[in-house]
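Chains as they are written, first to last, in the numbering used here: chain A, 1 to 133; chain B, 134 to 510.
For every residue, glycine included, the Cβ atom is placed at its ideal position computed from N, Cα and C.
First up is the structure itself, then whatever we jot down about it.
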């Protein structure tokens, strides 16, 4: 089977793209005029005014809340994907594979799971976690 | 075996060269299209019709002085554009471009694609964080919030065809659009899923109605404010690649992939196969000149169809860029969480009902015949 070789190709693209780009950066550094930027040029750009303090500001708490809500739904999506791929198999089975289909309960069980998550979503909605004012 | 490796290598090199040239020219196309929309001329000075403009831009990007801010975290600052570029670039190794013309056709292509599309966000976040600039940092924060919000819509939209077909392989999903397996009932679930996918893809790649991470009227240019020369050029490059990859995936999942249109019951894909040779003979074990000719004719015509369809979607993205104003940030987040997410969940429900109610549809991906047919020899 050529399947394992295919994964190598994806890895090769990921690494190859990174290496080619690193090489391009290095070559560009050799090729361009070698003038070193002055100290003023290397200051942080803040619309011309002098940058005061650090860039790592305190930021809004909403980003944390959003991350938590996202985590819930992302795990949810990860759980749904295996079910979604094998859904047809779960309901009807397949003549070529020895497998006992479990019928429509594949649907209802997932509906219960999703229903609980939607209650969670509604709770976050009511609590105002999805509001950005 | 050496011939196999050579063949795959040639395919890979062709894909890389075509991709890189195509992206350079995509920037040119976008500038021309936008200027048509805005009643101006656009780049037309460098070469005939301004066709050498991307080359001039590239040379200029290389020759520009490189500024790394004094307080920047140098390692992460260098890595960020590399991640952004190579994640978007790798998506192209996943996408089949024509009938039997592909580099890889992974059984888990959809998952790898979703993974890569969220990996591209790391480039943005690292760029914004490592530049130690307030504008960049705000852009990165906005970007991470936006990408994670719309990733859910993206995943749920892709889940609909995955459920109908029961496979994560891109060619399996494309098979439901063949004339033999197509049924109009698919439109009830695939059409809304396609719209959901396109909207989420637009937000995921930060295209203009959703380009909050780099909105120039508030954040200078957002996360890549401190980048210059070639490193700067890699961010638009990654963005264009991401956009084209999203469009290509949308074509495979919702627009019939590389198949030629079937008009009035006449499937043009089969026609091409019939004109140049019997498709059964093409996929059978025979080797020889005729097989190569018919394969290449079929491959070429389907590849051109695929490119045309992808370009069509990209032009729609450009059209939207030219006409739509930018969202406000709170509107963006509320739209993602209060509209797209419930819509995606409802679509998954609908797709489940569709599979139960229409047991005969689905392209038959799980029969071993189809699987063996698409394993390259």
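Residues of chain A with CB closer than 8 Å to the CB of residue i, please, in chain order.
i, result
"residue 282 of chain B", "66, 70"
"residue 203 of chain B", "39, 42, 43, 44"
"residue 359 of chain B", "44, 45"
"residue 364 of chain B", "25"
If you follow the alpha helix (DSSP H) that residue i is part of, which residue opens it and which one closes it?
i, result
"residue 470 of chain B", "Per DSSP, residue 470 of chain B belongs to no alpha helix (DSSP H) and is neither H nor E."
"residue 312 of chain B", "Careful: residue 312 of chain B lies outside any alpha helix (DSSP H) and carries neither H nor E."
"residue 295 of chain B", "267-298"
"residue 113 of chain A", "105-126"
"residue 304 of chain B", "303-307"
"residue 391 of chain B", "That residue, residue 391 of chain B, is in no alpha helix (DSSP H); it is neither H nor E in DSSP."
"residue 241 of chain B", "Where residue 241 of chain B is concerned, there is no enclosing alpha helix (DSSP H), given that its DSSP letter is neither H nor E."
"residue 187 of chain B", "186-196"
"residue 231 of chain B", "Segment: none, residue 231 of chain B is in no alpha helix (DSSP H) and carries neither H nor E."
"residue 485 of chain B", "474-490"
Is there a Cβ from chain B that is less than 8 Å from the Cβ of residue i?
i, result
"residue 127 of chain A", "no"
"residue 56 of chain A", "yes"
"residue 107 of chain A", "yes"
"residue 104 of chain A", "yes"
"residue 84 of chain A", "yes"
"residue 50 of chain A", "no"
"residue 75 of chain A", "no"
"residue 116 of chain A", "no"
"residue 28 of chain A", "yes"
"residue 23 of chain A", "no"
"residue 79 of chain A", "no"
Leaving out five residues before and five after residue i in sequence, what residues of the same chain have Cβ atoms less than 7 Å from its Cβ?
i, result
"residue 446 of chain B", "380, 383, 384"
"residue 436 of chain B", "230, 231, 234, 391"
"residue 352 of chain B", "268, 271, 272"
"residue 470 of chain B", "282"
"residue 145 of chain B", "236"
"residue 51 of chain A", "43, 44"
"residue 348 of chain B", "355, 459"
"residue 388 of chain B", "442"
"residue 246 of chain B", "224, 227, 382"
Give a yes or no on whether the minimum CB-CB distance between residue i and chain A is below 8 Å.
i, result
"residue 159 of chain B", "no"
"residue 267 of chain B", "yes"
"residue 232 of chain B", "no"
"residue 460 of chain B", "no"
"residue 323 of chain B", "no"
"residue 472 of chain B", "no"
"residue 285 of chain B", "yes"
"residue 383 of chain B", "no"
"residue 200 of chain B", "yes"
"residue 180 of chain B", "no"
"residue 463 of chain B", "yes"
"residue 350 of chain B", "no"
"residue 215 of chain B", "yes"
"residue 278 of chain B", "yes"
"residue 466 of chain B", "yes"
"residue 485 of chain B", "yes"
"residue 506 of chain B", "Low confidence applies to residue 506 of chain B: its pLDDT is 36, below 50, so where it sits in the model is not reliable enough to give any reading."
"residue 274 of chain B", "yes"
"residue 327 of chain B", "no"
Taking C-beta pairs closer than 7 Å, name the residues in chain A that residue i reaches, listed in chain order.
i, result
"residue 245 of chain B", "10"
"residue 236 of chain B", "9"
"residue 150 of chain B", "Correct list: empty, because the minimum Cβ distance to chain A is about 12 Å."
"residue 163 of chain B", "The premise fails here: residue 163 of chain B is roughly 22 Å from chain A at the closest Cβ pair, so nothing lies under 7 Å."
"residue 288 of chain B", "77"
Going along chain B in order, which residues have a C-beta closer than 7 Å to the C-beta of residue i?
i, result
"residue 113 of chain A", "Under the 7 Å cutoff, chain B gives no residues; its nearest Cβ is about 11 Å from residue 113 of chain A."
"residue 17 of chain A", "218, 219, 222, 223"
Along chain B, in chain order, which residues have C-beta atoms closer than 8 Å to that of residue i?
i, result
"residue 123 of chain A", "Neighbours of residue 123 of chain A on chain B: none; closest Cβ ~13 Å, over 8 Å."
"residue 92 of chain A", "492"
Can you list, in chain order, the residues of its chain with a C-beta nearer than 8 Å to that of residue i? Leave out the 5 residues immediately preceding and following it.
i, result
"residue 177 of chain B", "183"
"residue 205 of chain B", "263, 264, 265, 359"
"residue 244 of chain B", "301"
"residue 309 of chain B", "294, 297, 298, 315, 319, 494, 495, 496"
Using a Cβ cut-off of 9 Å, pull out every chain B residue sitting near residue i, in sequence order please.
i, result
"residue 35 of chain A", "198"
Note down, in chain order, each residue of its chain lying with its Cβ closer than 6 Å to the Cβ of residue i, except the 5 sequence neighbours on either side.
i, result
"residue 167 of chain B", "455"
"residue 200 of chain B", "361"
"residue 107 of chain A", "none"
"residue 313 of chain B", "none"
At a CB-CB cut-off below 9 Å, which residues of chain A make contact with residue i?
i, result
"residue 195 of chain B", "24, 27, 28, 31, 32"
"residue 270 of chain B", "55, 56, 57, 59"
Which residue spans inside the segment 43-94 of chain A form an unbroken alpha helix (DSSP H) run of at least 4? As far as the segment 43-94 of chain A is concerned, its whole alpha helix (DSSP H) runs of at least 4 residues are 62-85, 87-92.
Ranges of the alpha helix (DSSP H) found wholly within the segment 337-390 of chain B, counting only runs of at least 4: List check, alpha helix (DSSP H) in window: 349-352, 362-387.
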